[in-house]
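Engineer: Can you keep this structure in mind? I'll have questions shortly.
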Amino acid sequence: NAGVTQTPKFRVLKTGQSMTLLCAQDMNHEYMYWYRQDPGMGLRLIHYSVGEGTTAKGEVPDGYNVSRLKKQNFLLGLESAAPSQTSVYFCASSYSDRGTEAFFGQGTRLTVV
Amino acid sequence: KNEVEQSPQNLTAQEGEFITINCSYSVGISALHWLQQHPGGGIVSLFMLSSGKKKHGRLIATINIQEKHSSLHITASHPRDSAVYICAVRNRQGAQKLVFGQGTRLTINP
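As they're listed, the protein sequences go chains V and H. Residue numbers are given in our numbering: position 64 of the first sequence equals residue 465, and the series is strictly consecutive. Residue numbers are given in our numbering: position 81 of the second sequence equals residue 194, and the series is strictly consecutive.
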């Protein structure tokens, strides 16, 4: 049982480049989330999805776009990377939004130079 | 002021000691989560609780809803318990979102 899988695990980008982070879950979860983790700060929500075909903005959505074309996949895109987007990105999923456990991926360490 | 505050931010102890990590929050919640993150690793859910107490092995989590406070205890601590422990709450109002504390970095020396 793979759980939540993120790809890639590491990436270095030049300023202005674009990339897509993929999150895949095999637990038939409705809710999926993208967070970023920065030193000295708690995880912050970028975007989330409450089901296939739906997305919503979180706490820090600027500079990111997302898509949920299939229930099992949640993609996070950076159209024009900036050094401020250097961070560790975590994807998470849960069956519903209330009283259910959240499952996290292993994280993607992104460096923008 | 953050909605979720953890203390201490850093904790170093000797193997075998009893460990307590505290989490205070300021909003009404539907659930509180304790998570573990090893250096360079992913995040693992330890507990989800909305009342009372839960135990799993050497780990115990308690919550006092009236006082808006939760504690994570580790008995007979071991160097492999060294990790960052994160408290997160699911706000009763914005239930889709988890709000995270800054984490407590625990180091257990042999």
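No residue lacks a Cβ here, since even glycine has one placed at the ideal position from N, Cα and C.
1. Could you pull out every unbroken beta strand (DSSP E) segment of at least 3 residues lying fully inside the stretch 144 to 219 of chain H, listed in chain order?
2. Step through the CB atoms of chain V and report whether any lies within less than 8 Å of the CB of valine 202/H.
3. Run the CB neighbour count on aspartate 194/H, radius 10 Å, all protein chains shown included, and call it buried at 16 or more, exposed below.
4. Looking at the structure shown, is serine 494/V part of a helix, part of a strand, or coil, going by DSSP?
5. Output yes if chain V places a C-beta closer than 8 Å to the C-beta of glutamine 149/H; else output no.
6. At which residue ranges does the stretch 444 to 502 of chain V contain complete beta strand (DSSP E) runs of 3 or more residues, listed in the order of the chain?
7. Given alanine 503/V, which residues of its chain have a CB within under 6 Å of its CB, disregarding the five upstream and five downstream residues?
8. Answer yes or no: does any C-beta atom of chain V fall closer than 8 Å to that of histidine 182/H?
9. By Cβ distance, which residues of its chain are closer than 7 Å to isoleucine 142/H, with the 5 residues on each side in sequence left out?
10. Please name the residues in the stretch 419 to 435 of chain V whose beta-carbon is closer than 9 Å to at least one beta-carbon of chain H, in chain order.
11. Show which residues of chain V have a CB atom less than 9 Å away from the CB atom of isoleucine 173/H.
12. For glutamate 431/V, which three-state DSSP category applies?
13. Cα separation between histidine 186/H and threonine 133/H?
14. Are the C-beta atoms of isoleucine 132/H and some chain V residue less than 8 Å apart?
15. For a contact defined as C-beta to C-beta under 8 Å, what are the partners of leucine 124/H on chain V?
16. Under 8 Å between the Cβ atoms of isoleucine 173/H and lysine 181/H?
Structural biologist: Walking through what the data contain:
1. 156 to 162, 165 to 169, 172 to 177, 182 to 187, 196 to 204 and 211 to 213
2. no
3. buried
4. strand
5. no
6. 445 to 450, 466 to 468, 474 to 479 and 488 to 495
7. Ala493 and Ser495
8. no
9. Val202, Arg203, Asn204 and Arg205
10. Tyr432 and Tyr434
11. Chain V residues near isoleucine 173/H: none, gap ~18 Å exceeds 9 Å.
12. coil
13. 5 Å
14. no
15. Those within 8 Å of leucine 124/H in chain V number zero; the least Cβ separation is about 17 Å.
16. no
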